[in-house]
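Chains as they are written, first to last, in our numbering: chain A, 514 to 827; chain B, 37 to 357.
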């Protein structure tokens, strides 16, 4: 087996109790149904991944019921912690929260970070018609800022954008776009500047943000917009982290590198939707230097998660 | 300064009738609304901008929010009058201006009539479409609703310029972030996906397509496009017998509002230089001369840049040679 040198920040787990409840609503996709811990470990071993930070993915756990969302968050987070305990050094956790339930989310943050010692919090790019810069999120982000937490942000198709094109699945365009909306929301509401201690990881190489950079640069030149960005647009974009999931190619990573810098790119796979090895091969073929690739494999992620350094023997 | 040589395929004109239409809509006007760039446009300002940027010829089109505001008869009238105004600009300065004619879509019959009028009577250089229309819900260009239009444009081997608009799904989603920032580019990506995955791109091989803003966000999502095209091989083979990349690389892409080294490098990794076109989005953007300066910093060789500036467009628009 190859040396395990990678840290995968975008890796999904499917807690059985969560799966059972989701299947009652609408059967989960086959890749979700067949997920097991051992399959994750096998996939990681093949790709030289030491540790995967697991998170739940769509459909999330908010279906309009506070108690249900609180219960599902707890079930998922406890299962994640069990995985971490039973497979030392192989898993970390970006914990689920029952947002938009503010009180329940603050409690789950406390439980996940203090009791479970989770590595960070997982959020979605939007909740209904609210993206992450919306004032609704202030109490949560104040707490996460105080804790200097990592927030890993996963996209989904926003409520606006379901079933738009009959022939095209939403994951093709809408997921990436919603990440772009959330990034723009964080920046242009001033939330990114207001909460400088939160460390953000955006999925899929920033969605489509790097491709729309010229539009953002021009928006940031408007005086009343610039006033909300005392450190400038690029300061915010260059402090975020972006994972390689479903974007491990020279087209996306080349543009991302020019916008945010190679030091902000972290390895992510979207397993079980894609295989980790595809991402290893994709990054290798993206025209990056050896040093930049080592950064993506683990060095950049270790700036976020320095306690993992003892695990990586590169 | 070098003699004007550039061909700007993405340049807007705003005839008085169009200004009046947006003013009449008032607060009901979809984004971007009756904004200063629209209000202040004149032919002379376009020419000044072109002269300052070495632009020999601009192919003008009506920008978003387009022509149709819910009333078929009004849309038919507005399209006709805008096209007549564009034709007058061509008659006055045949080498300085060309026209991508507007259609009163989603009114299919009236649009077929306007295609004939614009191409036969006015000798327009092509047809301008928007990325989506509302016709019993949002419809992107690959939708069967538009088959009669694409049939006709294919039969005539038409050059089609596809301009983004604010999809009804996604207008004014977030205060302070205009639709232009994220939603326009995304809507171009959606209509490209609709055309390739729905099969229309392959079914109408004689249409030459120009997509704005370096393809919206399509190049950045290329891995998603490729993976999706490999999912259901039977249906995908039927939709794209020659494959996804064949269709994507036969389209043309302008550089308006995307002249940043990151996105331009991404576009060039999947699209041959011969299919990249100079465009400014005037009167939007930071001015035509600024666009020239920005593109120059995007890593093109002198020969590549010369092709982008002029030669590539001439293959589509030979009358400007």
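Ideal Cβ placement from N, Cα and C applies to all residues, glycine included.
Check whether the Cβ atoms of residue i and residue j lie closer than 7 Å to each other.
i	j	result
residue 307/B	residue 285/B	yes
residue 785/A	residue 548/A	yes
residue 804/A	residue 779/A	no
residue 750/A	residue 768/A	no
residue 57/B	residue 114/B	yes
residue 198/B	residue 247/B	yes
residue 218/B	residue 706/A	no
residue 714/A	residue 657/A	no
residue 46/B	residue 292/B	yes
residue 59/B	residue 70/B	yes
residue 829/A	residue 48/B	Not covered by the structure: residue 829/A. The range shown for chain A is 514 to 827.
residue 592/A	residue 528/A	yes
residue 721/A	residue 256/B	yes
residue 518/A	residue 825/A	yes
residue 141/B	residue 178/B	no
Using only CA atoms, which one of the options lies nearest to residue i?
i	options	result
residue 168/B	139/B, 148/B and 273/B	139/B
residue 188/B	148/B, 220/B, 210/B and 211/B	148/B
residue 539/A	551/A, 574/A and 557/A	574/A
residue 170/B	338/B, 229/B and 181/B	181/B
residue 740/A	718/A, 764/A, 702/A and 712/A	702/A
residue 340/B	287/B, 300/B, 166/B and 310/B	310/B
residue 730/A	746/A, 635/A and 720/A	746/A
residue 671/A	354/B, 205/B and 299/B	205/B
residue 650/A	611/A, 684/A and 761/A	611/A
residue 617/A	695/A, 584/A and 593/A	584/A
residue 51/B	91/B, 125/B, 44/B and 312/B	125/B
residue 600/A	762/A, 541/A, 566/A and 659/A	566/A
residue 560/A	516/A, 814/A and 682/A	516/A
residue 596/A	725/A, 738/A and 553/A	553/A
residue 748/A	762/A, 630/A, 733/A and 644/A	733/A
residue 821/A	579/A, 590/A and 603/A	603/A
residue 816/A	759/A, 532/A and 753/A	753/A
residue 278/B	243/B, 260/B and 238/B	238/B
Which of the three DSSP states, helix, strand or coil, is assigned to residue i?
i	result
residue 674/A	helix
residue 734/A	coil
residue 133/B	strand
residue 563/A	strand
residue 655/A	helix
residue 170/B	strand
residue 608/A	strand
residue 511/A	The structure shown does not extend to residue 511/A, since chain A is modelled only from 514 to 827, so the question has no answer here.
residue 818/A	coil
residue 532/A	helix
residue 711/A	coil
residue 569/A	coil
residue 240/B	coil
residue 663/A	strand
residue 214/B	coil
Taking 6 Å as the line, does the beta carbon of residue i fall inside it for any heavy atom of the ligand COA?
i	result
residue 703/A	The model on display carries no ligand, and the ligand COA is accordingly not part of it.
Since residue i and residue j are thought to touch, with beta carbons under 8 Å apart, how far apart are those beta carbons, to the nearest angstrom?
i	j	result
residue 325/B	residue 123/B	28 Å between Cβ atoms; not a contact.
residue 100/B	residue 155/B	With 8 Å as the limit, residue 100/B and residue 155/B do not qualify as a contact, their Cβ atoms being about 23 Å apart.
residue 161/B	residue 353/B	6 Å
residue 240/B	residue 186/B	5 Å
residue 619/A	residue 652/A	7 Å
residue 225/B	residue 266/B	Residue 225/B to residue 266/B, Cβ: 19 Å. No contact.
residue 320/B	residue 73/B	5 Å
residue 66/B	residue 207/B	6 Å
residue 506/A	residue 315/B	Summary: the structure shown does not reach residue 506/A, with chain A confined to residues 514 through 827, and so no result is reported for it.
residue 335/B	residue 300/B	7 Å
So residue i contacts chain C; which residues on that side make the cut at Cβ distance below 7 Å?
i	result
residue 225/B	Annotation note: the requested chain C is absent from the structure, which comprises protein chains A and B.
Checklist entry - Name the residues in the segment 39-66 of chain B whose C-beta lies less than 8 Å from a C-beta of chain A; which are they? => result If the cut-off is 8 Å between Cβ atoms, the segment 39-66 of chain B has nothing near chain A.
Checklist entry - Along the segment 153-178 of chain B, what residues have a CB closer than 8 Å to any CB found in chain A? => result For the segment 153-178 of chain B, residues whose beta-carbon sits nearer than 8 Å to a beta-carbon of chain A comprise 174, 176 and 178.
Checklist entry - Between the segment 199-211 of chain B and chain A, which residues of the former have a C-beta closer than 8 Å to a C-beta of the latter? => result 203, 205, 206, 209 and 210
Checklist entry - Just by C-beta distance, which residues in the segment 763-781 of chain A are closer than 7 Å to chain B? => result 763, 764, 765, 767, 768, 771 and 772
Checklist entry - According to a CB-to-CB cut-off of less than 9 Å, which residues of the segment 693-727 of chain A neighbour chain B? => result 693, 694, 697, 698, 701, 702, 717, 718, 719, 720, 721, 722, 723, 724, 725, 726 and 727
Next on the checklist: Using a Cβ-Cβ cutoff of 7 Å, what residues of the segment 569-590 of chain A are near chain B? List them in chain order.
Outcome noted: none
Checklist entry - Quick one, which residues of the segment 529-557 of chain A are near chain B if we go by CB-CB under 8 Å, in chain order? => result none
Item to check | Contact set between the segment 258-273 of chain B and chain A, restricted to residues whose Cβ is under 7 Å from the partner | outcome: 258, 259, 260, 261 and 264
Checklist entry - Along the segment 226-238 of chain B, what residues have a CB closer than 7 Å to any CB found in chain A? => result The segment 226-238 of chain B vs chain A, Cβ under 7 Å: 226, 229, 230, 233 and 234.
Next on the checklist: Please list, in chain order, the residues of the segment 315-335 of chain B that have any C-beta partner in chain A closer than 9 Å.
Outcome noted: 321, 322 and 330
Next on the checklist: Taking beta-carbon pairs under 7 Å, can you tell me which members of the segment 661-673 of chain A lie near chain B?
Outcome noted: 673
Item to check | Chain-ordered residues of the segment 794-808 of chain A with a beta carbon less than 7 Å from chain B | outcome: So nothing in the stretch comes that close.
Item to check | Contacting positions in the segment 727-747 of chain A - beta carbon closer than 8 Å to chain B | outcome: 727, 728, 729, 730, 731, 732 and 738
Checklist entry - Which residues, in order along the segment 293-318 of chain B, keep a beta-carbon less than 8 Å from a beta-carbon of chain A? => result Residues passing the 8 Å Cβ filter: 293, 294, 295, 296, 297, 298, 299, 301, 302, 305 and 306.
Item to check | Members of the segment 183-196 of chain B that neighbour chain A once the beta carbon cut-off is set at 9 Å | outcome: none
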